[in-house]
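A.B. asks:
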Amino acid sequence: MRSFTPLEIIKSNRKYKESKSLTGFTLIETLVTIFILALIIGVVFGLIVFLYRTHGYAWEESQAIEEARRGIEAMTKEIREARTGEDGSYPLEKAEDKQIVFYSDIDNDGRTEKVRYFLGTVNSGILIQECQTDSGGGTCSVAFSNFFTGILKSAQLKVSVEGDLDRSAEYVTVSVDGNNLGNICQIGCSHCAGVWQGTTIYDVISQAQDNEIQFSADASSAVGYECPVGSPNHSMKARFEFSWEEEIIGAGNELKKGIIEPTGSPIEYPSEQENISFLTSYVRNAPPIFEYFDNQGDKIEEYPARLIDTKIMKVYLVVNVNPNRPLDNYELESYVQLRNLKEE
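Residue numbers for the sequence shown, in our numbering: 5 to 348.
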């Protein structure tokens, strides 16, 4: 057997250690390389996701702005051409901060549609009742209750009458909850005409706040039992059209458009036949969408002046896909003159 000298043993140990050190360094280097590659892949993937989300947000925002822009263009064009309804209704029927109702031939078919633009957080309703009296100087009344569920923003009464109403002494006094609103048909009405006359609109939001309201029509003593139109005969009939607007919290931010085609004979605009479409889902308006101005450019705040005196309107939209990024709000604004009302 060969024996080893001490010097050979020392050299052999050195070679073993060097070989071992070389093998350990290669393993560490491999692990470091894998880690760096994984880190690079993670950064690249994160960058791709970030760019994708950024591009997706920008695209969604541009689509929302374009939708709103198209909506305002159509809206201002239709409002500009507002005209009397096929049933004789005044061109502007409702003029709220976040809802407008008007009449316009929007599809150029020669017939006037009833058009409504409103914010998704706004809900509105309408209830109609009629009553009549068959005694001279008689009274009739109707009542409504539990008609809103959110925050009441406006309430209106549109009342019309028919009967023995052709003289100044023959008129009808309209009341709400026992309080006098005014007289109608003191002038301009006909004797037993068979059609509704003296149509008048009243603001009744203060009386409607308790979710209950009663309307009365009281014929003057000169109104007689003389009208054979209808069954049974009567001295006076009244038609009460009660409408309201409420704000529903958390109902969304969708700008919508409603259209009702004229139908029937006599012509009507049935609310149940309203066709509603969406214009944009990202409206963030705290200020009013619609503002109303008279011929002098003074802003109109109250009813019924908004309906009677409005000649110019402002439409203002704030659009943002992400409400948590208020700095990204995009504002659209347009003024429009109501051509058929500017000379009135």
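From the three backbone atoms N, C-alpha and C, an ideal C-beta is built for every residue, glycine too.
#1: Note down the Cα distance separating Tyr229 from Asn187, rounded to an integer number of angstroms.
#2: Can you tell me whether Asp302 is buried or exposed? The criterion is at least 16 other CB atoms within 10 Å of its CB, across all chains shown.
#3: For the putative contact between Gln201 and Val146, defined by C-beta atoms under 8 Å, what is the C-beta separation to the nearest angstrom?
#4: So, helix, strand or coil for Glu251, using DSSP?
#5: Kindly give me the distance between the Cβ atoms of Tyr273 and Gly89, rounded to whole angstroms, as I take these residues to be in contact under 8 Å.
#6: Determine the closest residue to Ser338 out of Asn344, Met317, Leu345 and Asn324, with distance taken between C-alpha atoms.
#7: Hey, how far is the Cα of His195 from the Cα of Leu169?
#8: Kindly list the residues whose CB is nearer than 7 Å to the CB of Asp138, restricted to its own chain and excluding five residues on each side of it in sequence; keep chain order.
#9: Mind checking Gln211: buried by the 16 CB within 10 Å criterion, or exposed?
#10: Quick check on the DSSP output: what are the complete alpha helix (DSSP H) runs of length 4 or more inside the stretch 119-151, in order along the chain?
#11: Using the C-alpha atoms, what's the distance from Trp248 back to Ser106?
#12: For Gly254, does the count of other Cβ atoms within 10 angstroms reach 16, so buried, or fall short, so exposed?
#13: Out of Ile191, Pro292, Ala159 and Leu321, state which residue places its alpha-carbon closest to the alpha-carbon of Glu250.
#14: With Ala212 as the anchor, note down where its alpha helix (DSSP H) starts and where it stops.
#15: From Asn112 to Ile263, what distance separates their C-alpha atoms?
#16: I need the boundaries of the alpha helix (DSSP H) containing Ala221, first residue and last residue.
#17: Compare the beta carbon distance of Ala242 and Ala221 with 7 Å and say whether it is the shorter of the two.
#18: Give the single residue among Gln190, Leu336, Asp214 and Arg343 whose Cα lies nearest to the Cα of Val287.
#19: Since Leu311 is in the beta strand (DSSP E), which residue starts that stretch and which ends it?
#20: Just the C-alpha distance for Val126 and Pro291, rounded to the nearest angstrom, thanks.
C.D. replies: Let me lay it out:
#1: Approximately 20 Å between the Cα atoms of the pair.
#2: Around the C-beta of Asp302, fewer than 16 other C-beta atoms lie within 10 Å, and the residue is accordingly described as exposed.
#3: 18 Å between Cβ atoms; not a contact.
#4: Glu251 falls in the strand class under three-state DSSP.
#5: Indeed they touch by this definition, with Cβ atoms about 7 Å apart.
#6: Out of Asn344, Met317, Leu345 and Asn324, Met317 has the C-alpha closest to the C-alpha of Ser338.
#7: Straight through space, the alpha carbons of Leu169 and His195 are spaced by roughly 5 Å.
#8: The residues are Tyr229, Pro236, Asn237, His238 and Ser239.
#9: Buried.
#10: List check, alpha helix (DSSP H) in window: nothing returned.
#11: The identity of residue 106 in the sequence shown is Phe, whereas the question assumes Ser. Rounded to whole angstroms, the separation of the alpha carbons of Trp248 and Phe106 is 16 Å.
#12: The predicted position of Gly254 is uncertain, since its pLDDT is 45 and thus under 50; no value can be drawn from it.
#13: Nearest option by C-alpha distance: Ala159.
#14: Here the alpha helix (DSSP H) through Ala212 covers Ile209 to Ala212.
#15: The straight-line gap from Cα to Cα measures roughly 14 Å.
#16: Bounds of any alpha helix (DSSP H) do not take in Ala221; it lies within the beta strand (DSSP E) bounded by Glu216 to Ala223.
#17: Inclusion of Ala242 and Ala221 in the CB contact set at 7 Å is warranted, their separation being smaller than that value.
#18: The residue among Gln190, Leu336, Asp214 and Arg343 with its C-alpha nearest the C-alpha of Val287 is Leu336.
#19: Membership of Leu311 in any beta strand (DSSP E) is not indicated; the residue belongs instead to the alpha helix (DSSP H) covering Ala309 to Asp313.
#20: Their Cα atoms are separated by approximately 14 Å.
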